[in-house]
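**Q** My structure is below; once you've seen it, I'll send some questions.
Protein chains in written order, with the numbering used here: chain A, 18 to 370; chain B, 18 to 370.
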């Protein structure tokens, strides 16, 4: 039996009753924390930090030490994997990520190497090992990757995009190349995630940040199908490791995601958890979904809105409290402390009532 | 009886049978057209163009002349109205709109003047008059405005935003000021739209570009409620003028929008029209919803995807073909010609079958 098998987070993912609702936050190791900013300043660039196992471990543990979150998540980036395929990742200050060598044609896709999780992303696996060793035994560690479609948008556009015109154009005009790219990324991602489990990750999460910009047909054919391919692989390689799928702006596809065989669904803040639950029933656990903008207000408002999220999920097992998206740099850590306290107190009172 | 009462567009809005599906495109008077770029170059800035009734009329008519669209839409901007409230609108090249004097506090909101549609935006009404006089009699002219919430995001943030943190913070932390701002904008917008009808607009449209970034509670309380206030006003001042509500990323709220009393709903490309129709029945007409990215591909793909949209709506009246969002500058006008031809040919074949 795994060291954190009986943790609140793992039990909630199995939809087992818990004394209270577990809580963690997407991007909890981030710039809103002064100790993160200090480590980052020592490291240099974002890539220097994500590429250094000791420092990645240090920042992963910071929010656990400070707030006692019920899960840790590997400090890394969804673009580490295409970086390992040789596209040359960089981060322009204030502008986000870019690739030096974006995919320009079907032949670029055909030439993409299949990275070896150990040889090419060994520093990630080393970070996982260090974090797992440094975490309290009962605190689960979440490993993660980006969804093939989301990662592909950056690989094709070369950077963040507003309309994803080039990436969508490829799916529409070069469907064979599009499927080839999705399959390649799905296979690489499945191996990358399995290696994270091998190194010590207790649960996994796939971030589909841009699935919501696709038409329903393209969503099903590319984003969903490639995530399904990963789920199916992981069922064979890591059958005991629960998986959470998070599709930002993908509320309309919630039933399809719940049918994938994953254990949990991340829900962004644009759908009430009551509706999400009504739509997917008890097939999966739900993770979310406070609007990150709430964290910029006062302790009183943070507490009131957190209670609203708990009430929206309602009674019964299977809720992991989180924001509906990553926490932003401007948040006062004091508001995070209030959030954690509120969720703990309110959900344990509920569960004893 | 109005000159264009029996046009395809007006009949489709009333869910009456039509020989074929009417078509127009959001942002059809735009940078993808060389004749638009020529007029724009003569005008100077975007605001010089939107502020000059003769030139605004000229660009509004260009896509009608070239493609014979089934409706024209006033060339203007959703920020003209807050500009008339003294916020000082500008457009930074490549960066989008900004306000010199954004709203910083509840007292800024309390001090907002109520613009007079004629005294303060008379140039818009003059443009409407000129366009109406220049259009073929049977071609309807659509007047428009932004939704109060969408306009408010720019007024508070001072520019386009990625996370709308300041605007959301105001709704959460200063709900009284938030409601005051929504009511003020709704009243100003209702008067502004009624004046467009008085000047010659045959139908109206409200663009809620950013309703989809709100939680369901804030959406209902601010974006939807303020749009409802406009709908209720217009039912009294312009009872015979049909109104289309377009909420980008608001698919989850479609039933609520259909219950507002509007005649048509714009649907973005992230929901199939078959689903939209199943959800709202025949209460309203549906306008949409080809992904604008399709327009960047080949004539063959444009034609195939257009047929897919027509098939998704299916048989029966009440469909106005459009893109799911505005056409982008990089589109080849030849693809627009193919789109128009395809929709005309395919939908008239369908309706004779």
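Don't be surprised by glycine CBs; every beta carbon is placed ideally from N, CA and C.
Using beta carbons (cut-off 8 angstroms, strictly below), is residue 40 of chain B in contact with chain A?
**A** No, residue 40 of chain B lies away from the interface with chain A (no Cβ there is under 8 angstroms from its Cβ).
**Q** Bridge partners of residue 225 of chain B, per DSSP?
**A** Its beta-bridge partners are B:264.
**Q** Leaving out five residues before and five after residue 224 of chain B in sequence, what residues of the same chain have Cβ atoms less than 7 angstroms from its Cβ?
**A** So the qualifying residues of the chain are 95, 161, 163, 164, 167 and 263.
**Q** Let me know if residue 370 of chain A comes out buried or exposed under the rule of 16 or more other beta-carbons within 10 Å of its beta-carbon.
**A** With a pLDDT of 47 at residue 370 of chain A, under the threshold of 50, the predicted position of this residue should be treated as unreliable, and no value is reported.
**Q** How long is the line joining the alpha carbons of residue 372 of chain B and residue 340 of chain B, rounded to whole angstroms?
**A** The question about residue 372 of chain B has no answer, for chain B in this structure spans 18 to 370.
**Q** Give the residues from the region 181-194 of chain A that approach chain B closer than 8 angstroms (Cβ to any Cβ), ordered along the chain.
**A** Within the region 181-194 of chain A, the residues whose Cβ lies closer than 8 angstroms to some Cβ of chain B are 181, 182, 185, 186, 189 and 190, listed in chain order.
**Q** Which word fits residue 184 of chain B, buried or exposed, when buried means at least 16 other C-beta atoms lie within 10 angstroms of its C-beta?
**A** Buried, by the Cβ-count rule.
**Q** Counting only Cβ pairs nearer than 8 angstroms, list the residues of chain A close to residue 310 of chain B.
**A** Within 8 angstroms Cβ-Cβ: 180, 181, 182, 185, 186 and 189.
**Q** Along the region 278-292 of chain A, what residues have a CB closer than 9 angstroms to any CB found in chain B?
**A** Residues 286, 287, 288, 289 and 292.
**Q** Please report the straight-line C-alpha distance between residue 137 of chain A and residue 102 of chain A, rounded to a whole angstrom.
**A** Going by the C-alpha atoms only, they are around 9 angstroms apart.
**Q** Grouping DSSP H, G and I as helix and E and B as strand, with all else coil, what is residue 70 of chain B?
**A** Of the three classes helix, strand and coil, the one that applies to residue 70 of chain B here is helix, per DSSP.
**Q** Of the residues that make up the region 255-277 of chain A, which ones have a beta carbon closer than 8 angstroms to any beta carbon in chain B?
**A** Residues 266, 268 and 269.
**Q** Tell me the rounded alpha-carbon separation between residue 106 of chain B and residue 215 of chain B.
**A** Going from the Cα of residue 106 of chain B to the Cα of residue 215 of chain B covers about 26 angstroms.
**Q** For chain A, is any of its Cβ atoms less than 8 angstroms away from the one on residue 233 of chain B?
**A** So yes, residue 233 of chain B belongs to the interface.
**Q** Taking residue 229 of chain A as the query, report the chain B residues whose CB atoms sit under 9 angstroms from its CB, ordered along the chain.
**A** Those are 266 and 287, listed as they occur along chain B.
**Q** Can you confirm whether residue 167 of chain B, when its beta carbon is compared against all beta carbons of chain A, has any partner nearer than 8 angstroms?
**A** No, no contact with chain A.
**Q** Would you check if the distance between the CB atom of residue 47 of chain A and the CB atom of residue 116 of chain A is smaller than 8 angstroms?
**A** Cβ atoms of residue 47 of chain A and residue 116 of chain A: not closer than 8 angstroms.
**Q** So, does the region 246-255 of chain A touch the region 250-268 of chain B, judging by three or more C-beta pairs under 8 angstroms?
**A** Not touching, per the Cβ criterion.
**Q** Given a threshold of 16 other Cβ atoms within 10 Å of its Cβ, counted over all protein chains shown, does residue 362 of chain B qualify as buried or as exposed?
**A** Answer is exposed; the Cβ neighbour count stays below 16.
**Q** Please list the partners that residue 345 of chain A has in chain B, where partner means a Cβ-to-Cβ separation under 9 angstroms.
**A** By Cβ distance, chain B contributes 180 and 182.
**Q** Please report how far the alpha carbon of residue 154 of chain A lies from the alpha carbon of residue 36 of chain A, in whole angstroms.
**A** Approximately 19 angstroms between the Cα atoms of the pair.
**Q** Residues in its own chain within less than 6 angstroms of residue 68 of chain A by CB, not counting five upstream and five downstream?
**A** Around residue 68 of chain A: 140.
**Q** Pop quiz: residue 259 of chain B and residue 278 of chain B are said to be a contact at Cβ under 8 angstroms. What is the actual Cβ separation, rounded to whole angstroms?
**A** Between residue 278 of chain B and residue 259 of chain B the Cβ distance is about 11 angstroms, and since that is not below 8 angstroms, they are no contact.
**Q** What does the alpha-carbon distance come out to for the pair residue 118 of chain A and residue 44 of chain A?
**A** Going from the Cα of residue 118 of chain A to the Cα of residue 44 of chain A covers about 27 angstroms.
**Q** I want to know whether the region 337-351 of chain A touches the region 292-311 of chain A - three or more CB-CB distances under 8 angstroms.
**A** Short answer: they touch.
**Q** So, helix, strand or coil for residue 49 of chain B, using DSSP?
**A** Looking at residue 49 of chain B - three-state DSSP - the assignment turns out to be coil, as it is neither helix nor strand.
**Q** Determine which residues of the region 309-330 of chain B have a Cβ less than 8 angstroms from any Cβ of chain A, and write them out in chain order.
**A** Residues 309, 310, 311, 313, 314, 315, 318, 322 and 325.
**Q** Are the region 194-201 of chain B and the region 325-333 of chain A in contact at 8 angstroms, needing three or more beta carbon pairs?
**A** The region 194-201 of chain B vs the region 325-333 of chain A: no contact.
**Q** Contact defined as beta carbons within less than 8 angstroms: I believe residue 323 of chain A pairs with residue 359 of chain A. What is the distance between those atoms, to the nearest angstrom?
**A** Right, the Cβ-Cβ distance comes to about 5 angstroms (below 8 angstroms), so this counts as a contact.
**Q** Can you grab the Cα-Cα spacing for the pair residue 294 of chain B / residue 128 of chain A, in whole Å?
**A** Cα-Cα distance, rounded: 44 angstroms.
**Q** What would DSSP say about residue 197 of chain B, mapped onto helix, strand or coil?
**A** If DSSP states are grouped into helix, strand and coil, residue 197 of chain B belongs with the helices.
**Q** For residue 336 of chain B, which three-state DSSP category applies?
**A** Note: residue 336 of chain B maps to strand in three-state DSSP.
**Q** Taking the beta carbon of residue 243 of chain A as the centre, do at least 16 other beta carbons fall within 10 Å, making it buried, or is it exposed?
**A** By the 10 Å Cβ count, residue 243 of chain A comes out buried.
**Q** If we ignore side chains and look at the alpha-carbon of each, how far apart do residue 357 of chain A and residue 86 of chain A end up?
**A** Whole-angstrom Cα-Cα distance: 8 angstroms.
**Q** State the CB to CB distance for the pair residue 267 of chain A and residue 298 of chain A, rounded to an integer number of angstroms; the pair is presumed to be in contact (CB under 8 angstroms).
**A** Between residue 298 of chain A and residue 267 of chain A the Cβ distance is about 18 angstroms, and since that is not below 8 angstroms, they are no contact.
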